[in-house]
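J.: Take this structure first; my questions come after.
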Amino acid sequence: MIGQALSVREAIVTRRSVKNFNGQPVDAESITRILEDAVWAPNHGHRNPWRFIVAAEKDYGKLLEVLREFGVPKWQELSEEDLEKQMKKFTNPGAAVFVVVPEDARQKERLEDYAAASMLIQNAQLLAWDEGIGTCWKTPAFLDNPKFREALGVEQGERIISMLQFGYFDEAPKSRPRKPLNEVVTYFGRDSE
Ligand SMILES: Cc1cc2nc3c(=O)[nH]c(=O)nc-3n(C[C@H](O)[C@H](O)[C@H](O)COP(=O)(O)O)c2cc1C
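Written as C-alpha cells, this is what we have:
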C-alpha cells in the first residue's frame, strides 16, 4: 500500500478486474504478503481448503512456456509475430497464482470448500488492489487439462479453480455496473405494492 489504505468499503466498491496489464512484473514478496492475509477467509471446519502454485519473477517466465503449450491453439504453426500477439494475454500480467482446492467426494463439503476458496480469492483481489496491483480471476478450459495439471504438479482429487493473474496497469479498468438493488431484493414480510 502506498499512502493511505483504502477502507474495506472503498476496496470492495472500487476494485475492478484488470484485463489490460502493462507487462510490469509483480515480485514474489508482494504475492506472498497478499496470500498471507488472504487466507483469513472463513472456511468451514477449518479445513483450509486451498493451496497455491505461485509463479512470479523468473519463474513466471518458466510458466509462460507451459501457458504457450496449453493456452495458444496450434502455437507451433504460428509465425513468431502472431505467437507473440497470442501470448500477450499471458505476458502482460506480471505474475500468476493457481488456486488449488480439494475436490471432496461429499457435495456439501465440496461446495463449502469452493465457496471458502472463492472468498480467499476476493480477499487477495482486494488486498492487491489496496497495493495498486490489479488482478483477474481467469478460468480457461486448460485448467482442467490432465497434462496441464500434471505440468503444475496438481494431484488427483484436487482442482485448479483459478488462474489468478496479478499485474500493474496504466489505464483504470472499466467499471461494469451491477443490477440495481431493487431488482434483486425482496424484503420478506412486506406486502407487495
Ligand atoms: C469465477 C470467476 C471466473 C472468471 N473467469 C474469467 C475468465 O476466464 N476470463 C476473464 O476475462 N474474466 C474472468 N472473470 C472475471 C470477470 O469477468 C469479472 O470479474 C467480471 O467481469 C466483473 O468485473 P469486475 O471484477 O471488474 O467487477 C471471472 C470471474 C469470476 C468470479
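For what it's worth, this note's numbering labels the leading residue of the sequence shown as 82, then goes sequentially. All C-beta atoms in this analysis are idealised placements derived from N, C-alpha and C, irrespective of residue type, glycine included. This one's a predicted model, so the numbers in the text were calculated from it and none came from an experiment.
Examine ligand 1 and report whether any of its heavy atoms sits within less than 6 Å of the Cβ of Arg271.
T.: Within the sequence shown, the letter at position 190 stands for residue 271. Checking every heavy atom of ligand 1 against the Cβ of Arg271, none is found closer than 6 Å.
J.: I need the DSSP call for Ser277, collapsed to helix, strand or coil.
T.: Missing from the structure shown is residue 277; the chain here goes from 82 to 274 and no further.
J.: Just grab the DSSP bridge partners of Val178 for me.
T.: Within the sequence shown, residue 178 is the residue found at index 97, counting from 1. Partner(s): Val135, Leu245.
J.: Taking the straight line between their C-alpha atoms, what separation do you get for Trp121 and Leu201?
T.: Walking along the sequence shown from the start, residue 121 turns up at place 40. Walking along the sequence shown from the start, residue 201 turns up at place 120. Between Trp121 and Leu201, the C-alpha separation is close to 7 Å.
J.: Using the C-alpha atoms, what's the distance from Gly126 back to Ala86?
T.: The residue given as residue 86 occupies position 5 in the sequence shown. The residue given as residue 126 occupies position 45 in the sequence shown. Taking the straight line joining both Cα atoms gives about 31 Å.
J.: Start and end of the alpha helix (DSSP H) containing Trp210?
T.: Indexing the sequence shown from 1 puts residue 210 at position 129. From DSSP, the alpha helix (DSSP H) with Trp210 extends over 188-211.
J.: What's the call for Tyr268, buried or exposed, on a 16-neighbour Cβ count within 10 Å?
T.: As a position in the sequence shown, residue 268 is number 187, starting the count at 1. Answer is exposed; the Cβ neighbour count stays below 16.
J.: Would you mind working out which of Gly152, Lys189, Pro174 sits nearest Ile214, comparing C-alpha positions?
T.: As a working note, residue 214 is residue 133 in the sequence shown. Of the candidates Gly152, Lys189, Pro174, the one whose C-alpha sits nearest the C-alpha of Ile214 is Pro174.
J.: Let me check one thing: in DSSP terms, what residues is Gly215 bridge-paired to?
T.: For the purposes of this step, residue 215 is taken as the residue at position 134 of the sequence shown. BP columns for Gly215 point to Gly248.
J.: Quick check: Ile241 and Val235, are their CB atoms within less than 7 Å of each other?
T.: For the purposes of this step, residue 241 is taken as the residue at position 160 of the sequence shown. For the purposes of this step, residue 235 is taken as the residue at position 154 of the sequence shown. Yes, these two residues count as a Cβ contact at 7 Å.
J.: When DSSP builds the beta bridges, which residues end up paired with Phe102?
T.: Looking up residue 102 in the sequence shown gives position 21. Phe250, per the DSSP bridge assignment.
J.: Closer than 6 Å by C-beta to Asn204: which residues in its own chain qualify, once you throw out the five before and the five after it? Chain order, please.
T.: Within the sequence shown, the letter at position 123 stands for residue 204. Around Asn204: Ala119, Ala122.
J.: Comparing the CB of Arg191 with every heavy atom of ligand 1, is any distance shorter than 6 Å?
T.: For the purposes of this step, residue 191 is taken as residue 110 along the sequence shown, with counting starting at 1. Answer for Arg191: no, Cβ out of range of ligand 1.
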